[in-house]
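To get this note's numbering, take the position in the sequence shown, counting from 1, and add 42.
Cβ coordinates follow ideal geometry from the N, Cα and C atoms, glycine included.
Note that this is a predicted model, so its numbers are computed, not measured.
Structure record follows, encoded as structure tokens.
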Amino acid sequence: DLTQLGPILILVGVWMFRHYPAGRARDLGRVFIGLGLLLLSLHQLVELFSPLQDAPLFGLILGALASQPVAAVLLTAALTWAAHSSVAIVVLTMSLADNHLVTPAMALAMVLGANLGTAINPMIEGVTGDDPASRRLPLGNLLTRILGVIVGLLLLPWLPDWMHAMGGNDARLVANFHTVFNLAIALVFLPLLTPYAALLTRWLPKRTDPNDPSRPQYLDESAHDVPAVALGNAAREALRMADMLQTLLLYARAGFKRDNRHRMVQARQLDNAVDKIETAITTYLAQLDRENMTREDAQRMEDILAFATNIGHAADITHHGLLTHINRLRKQGWTLLPEQRERLDATLVQLISNQRQTAALFINEDIPQARELAGEKSRFRRMEIEESEAHLEKIKSGQIDAAEIGSLYLDILRDMKSINSHLVGAAAYPLLARHGELLPSRLREAND
43 DLTQLGPILI LVGVWMFRHY PAGRARDLGR VFIGLGLLLL SLHQLVELFS PLQDAPLFGL
103 ILGALASQPV AAVLLTAALT WAAHSSVAIV VLTMSLADNH LVTPAMALAM VLGANLGTAI
163 NPMIEGVTGD DPASRRLPLG NLLTRILGVI VGLLLLPWLP DWMHAMGGND ARLVANFHTV
223 FNLAIALVFL PLLTPYAALL TRWLPKRTDP NDPSRPQYLD ESAHDVPAVA LGNAAREALR
283 MADMLQTLLL YARAGFKRDN RHRMVQARQL DNAVDKIETA ITTYLAQLDR ENMTREDAQR
343 MEDILAFATN IGHAADITHH GLLTHINRLR KQGWTLLPEQ RERLDATLVQ LISNQRQTAA
403 LFINEDIPQA RELAGEKSRF RRMEIEESEA HLEKIKSGQI DAAEIGSLYL DILRDMKSIN
463 SHLVGAAAYP LLARHGELLP SRLREAND
């Protein structure tokens, strides 16, 4: 009887949880608290059912079930589903068997029902959303339990003798069978996991809507209890935003070369999708338990938020800036000069390259690569200054008719410069700041 250990485990667990910072020791405190509560709750459950053992009606029900093993399995499965704990029902069965209120065969049937009932809760309550793929794991678990219960019922006439051969009283018989049943399920299905997983995948394919790119694909709500896994999911979703930004930039580059009005609808959908995914990532990360995070986890979360925010701003500028300028050029019937079109195309090519480098830097955190990407800000700044001076020279030389088109051309370059700044802010600056590679200000200190 380990009941006396319950309060001690809870006391030690609470002390560890409050004394240690986020990390393994604090998580171990959570484990001790959970074990202590489990032991106390099982003890209370057995005491709760103790008066029922002497109730005449309860004895009649048990007597009727003694010759109906299938009904005993179903009833015990329902009790396990209601209790949300197979261990609690197994402990109750041990108590009934120890007091000789049930036969060994019926006790084993009740153990089968407890193992079946524990697989019902995840199927009913553990699945969120309408994606069939989310039901693969609970359905796979339920089917293995059903198969195990069927085999157990077929072998039930011989099981009591086999389990008695392991020694111990009737309560020990129940505990041993519970252990043996789960070990047998594991040993039978472990070699079959690959084909079994493939079968479940065919039965429950992942629902994908190609017309709805805004639907998150990696933000698994069940991973909230493990910050490292949740952060990995958020990072993968943030990289989807970067891929969508790249597609928008490719649309913009194609738009400066030819009429691609048919792409504007897709561009609008992508921009809306980026906004929705950014919101989903922010909400997903906000739900994480910061107290359960290490310092590295907290820093990674900040990096993901910075990346998603900057990529979202870059996508907005691409859609509402570059693509809007392309529409204005087409509607006004304006044509850029050949050297202007060549400069825009070269700049967009560099911008797309920087976007790819930003996504790679978000994953590999390479310092030299971060310095190189940060240096692109100076390159884009010089380009804007050169083109602004050239535009002023044209106006001074009397080319007044080119002023309006030239002004729009400069607006396009400024938008590209802003997009590049957000790319640098998405991955390069956070990494360089973390390693002390950034100055606090670009201003030179004034001499007294």
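About 4 Å separates the beta carbon of Leu246 from that of Pro174, a gap short enough to meet the 8 Å contact definition. In this structure Thr45 touches Leu81 by the C-beta definition: roughly 6 Å separates them, less than 8 Å. Contact between Leu154 and Leu195 holds: their C-beta atoms lie close to 7 Å from each other, under 8 Å.
In this structure, DSSP gives Tyr238 a helical state, which the three-state scheme calls helix.
Per DSSP, Gly48 is one residue of the alpha helix (DSSP H) stretching across 47-61. Its chain contains Met458 as the residues whose beta carbon lies nearer than 6 Å to that of Thr389, once the 5 sequence neighbours on both sides are disregarded; these appear in chain order. Thr186 and Ala156 do not touch by the CB rule: their CB atoms are close to 15 Å apart, not below 8 Å.
The way I'd put it, the region 343-355 doesn't touch the region 64-74; fewer than three beta-carbon pairs between them come closer than 8 Å. Between Val216 and Thr336, the alpha-carbon positions lie close to 42 Å from each other. Going by beta carbons, Ala276 and Ala265 fall outside the 7 Å limit. Secondary structure note for His355: its alpha helix (DSSP H) is the uninterrupted segment 337-359. DSSP places Leu138 inside the alpha helix (DSSP H), whose first and last residues are 128-140. Burial is judged here by how many other beta carbons sit within 10 angstroms of a residue's own beta carbon; Pro237 has fewer than 16 and is exposed. With fewer than 16 neighbouring CB atoms inside 10 Å of its own CB, Ile427 falls in the exposed class. When DSSP states are grouped into helix, strand and coil, Val268 belongs to the coil group.
Membership of Val144 in any alpha helix (DSSP H) is not indicated, and neither H nor E is assigned to it by DSSP.
Excluding five sequence positions before and after Arg249, the CB atoms of its chain that fall closer than 8 Å to its own CB belong to Asp172, Asp173, Pro174, Ala175, given in chain order. Secondary structure note for Asn183: its alpha helix (DSSP H) is the uninterrupted segment 178-196. In the assembly as shown, Leu386 is a buried residue. Its beta-carbon has 16 or more other beta-carbons within 10 Å.
No Cβ-Cβ contact shorter than 7 Å links Asn352 with Gly274.
By the Cβ-count criterion, Met283 is buried, with 16 or more other Cβ atoms from all chains shown falling within 10 Å of its own Cβ. For Asn224, the enclosing alpha helix (DSSP H) starts and ends at 212-231.
A residue is called buried when at least 16 other Cβ atoms come within 10 angstroms of its Cβ; Ala113 does not meet this threshold and is exposed. Contact check for Leu189 and Met165: beta-carbon distance about 15 Å, past the 8 Å limit, so the pair fails to qualify.
Lys438 and Ser449 have their C-alpha atoms some 14 Å from each other. Going by DSSP, Leu371 is part of the alpha helix (DSSP H) stretching over 365-374. Taken through DSSP and simplified to helix, strand or coil, Arg257 comes out as coil. Restricting attention to Ala322, Ala432, Ala348, Val191, the CA atom closest to the CA of Leu116 is found in Val191. Cβ-Cβ distances below 7 Å link Phe298 to Ile368, Arg383, Leu386, Asp387 in the same chain, with the five nearest sequence neighbours on each side left out; the list follows chain order.
Residue environment analysis places Ile50 among the exposed positions, since fewer than 16 neighbouring C-beta atoms fall within 10 angstroms of its C-beta. Per DSSP, reduced to three states, the secondary structure at Arg249 is coil, with no helix or strand assignment. Your pair Val88 and Ser137 checks out as a contact, with CB atoms roughly 5 Å apart and the cut at 8 Å.
Going by beta carbons, Ala412 and Ala470 fall inside the 7 Å limit.
Collapsing the DSSP output to three states places His477 in coil. Contact annotation: Phe422 and Asn462 have beta-carbon atoms nearer than 7 Å.
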